[in-house]
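Worksheet: the structure to be examined is printed underneath.
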Amino acid sequence: MYYGTTIFSSIGIENSFITQIILGAVNVVCTFPGLYMVEKFGRRKCLTGGSLWMFTCFIIYASIGHFMLENGDGTTNQTAGYIMIIFACLFIAAFASTWGPMAWACVAEMYPGRYRSQAISYCSASNWFWNFYLGFFTPLITDRIGFAYGYVFAGCNLLAALTVYFFFIETNGKSLEQIDTMYLMHVPPRKSTNWEAPHGEDLITSDQLANQKAGKKGPNMMGGHDTMVENKA
1 MYYGTTIFSS
11 IGIENSFITQ
21 IILGAVNVVC
31 TFPGLYMVEK
41 FGRRKCLTGG
51 SLWMFTCFII
61 YASIGHFMLE
71 NGDGTTNQTA
81 GYIMIIFACL
91 FIAAFASTWG
101 PMAWACVAEM
111 YPGRYRSQAI
121 SYCSASNWFW
131 NFYLGFFTPL
141 ITDRIGFAYG
151 YVFAGCNLLA
161 ALTVYFFFIE
171 TNGKSLEQID
181 TMYLMHVPPR
191 KSTNWEAPHG
201 EDLITSDQLA
211 NQKAGKKGPN
221 MMGGHDTMVE
231 NKA
């Protein structure tokens, strides 16, 4: 997305600026289906599916660019170039409808209340750090390895899919207190989609747990409003 005009002009495709406008339009338009998908199918399915979709697009994009784009006589294979544009659009459609908007929704939901503001700050800082890193180093890397650079991103997307599948709990349709309870009850991420939250005072939150350890009054972990859970012989 950052270097679209440069890439497409380098492969000999005319109107590379128009091509970049098309990629930007795909990014905007495909964000709206993501707003429906995230509530219909949940975070885990959308993020995992989006990662695998992007992984596939990057593998094909990088392979065509590395092995097929340049002809034996040094000219550019226009057909390969157009196929690369198609898969670039498919990749951006996958990103815009899944990870683009959903990652920020997940970041806002997944952290306990007492740490949420600090955690979101670190996430935002990390996002802009990697944006700078990629923007700064991408031209230097592609000068050395060309379109094979796409295999690096394909690997990152495959790792993202595995991370979501094994470590990310489903937060769709759950309150922040219920999500907090899931962490404290050690609900396995792969079983979190069908997990049913306890009701009312049976919810456990990190704030309540911290208060109980400090000996403050508040709902205990088993329900009720005792000062602390007493262990009676």
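Residues 1 to 233, numbered by the working numbering, are exactly what the sequence shown covers, in order. The C-beta atom is built at its ideal place from N, Cα and C for all residues, glycine as well. Just so you know, these numbers come straight off a predicted model, no measurement behind them.
Inter-residue spacing [alpha-carbon to alpha-carbon] between residue i and residue j
i	j	result
Ala125	Ala108	14 Å
Phe32	Ala94	12 Å
Arg44	Gly146	33 Å
Ala62	Thr56	10 Å
Ser16	Leu52	28 Å
Gly223	Pro198	At Gly223, the pLDDT of 42 sits below 50, so the modelled position is not reliable; the number obtained from the coordinates is stated separately. Going from the Cα of Gly223 to the Cα of Pro198 covers about 10 Å.
Thr76	Leu158	30 Å
Phe58	Ala154	5 Å
Ala105	Asp73	50 Å
Met182	Asn172	13 Å
Phe167	Thr193	13 Å
Gly81	Asn127	30 Å
Pro189	Thr163	10 Å
Met110	Met37	19 Å
Met54	Ile85	14 Å
Leu184	Val152	35 Å
His66	Leu140	17 Å
Ser117	Gly150	34 Å
Asn71	Trp195	55 Å
Ala148	Phe136	18 Å
Val187	Ala160	20 Å
Ser175	Thr79	50 Å
Cys156	Tyr3	19 Å
Phe132	Thr138	10 Å
Status (buried if at least 16 other CB within 10 Å, exposed otherwise) for residue i
i	result
Leu134	exposed
Glu39	exposed
Leu23	buried
Gly113	exposed
Gln20	buried
Asp143	exposed
Phe129	exposed
Leu69	buried
Ile64	buried
Tyr115	exposed
Ile179	buried
Phe8	buried
Thr227	Bear in mind that a pLDDT of 34 at Thr227, under 50, signals an unreliable position, so the number given afterwards is only what the model happens to contain. With fewer than 16 Cβ atoms within 10 Å of its Cβ, Thr227 is classed as exposed.
Rounded distance between the beta-carbons of residue j and residue i, thought under 8 Å
i	j	result
Cys89	Val26	5 Å
Gly34	Ala103	Actually they do not touch by this definition, with Cβ atoms about 11 Å apart.
Ile60	Phe87	5 Å
Thr5	Cys46	No, Thr5 and Cys46 are not in contact; Cβ-Cβ is about 30 Å, not under 8 Å.
Glu170	Gly42	5 Å
Ile83	Met1	That belief does not hold up - the Cβ atoms of Ile83 and Met1 are roughly 18 Å apart, past 8 Å.
Limits of the unbroken alpha helix (DSSP H) element including residue i
i	result
Leu35	Thr31 to Lys40
His66	Arg43 to Phe67
Glu177	Leu176 to Leu184
Phe166	Tyr149 to Phe167
Cutoff 8 Å: residue i Cβ touching any chain D Cβ
i	result
Trp99	You won't find chain D in this structure, because it holds only one protein chain.
Contiguous alpha helix (DSSP H) assignments of at least 4 residues, all confined to the stretch 92–135:
Scanning the stretch 92–135 from its first residue to its last, the whole alpha helix (DSSP H) runs of 4-plus residues come out as 99–110.
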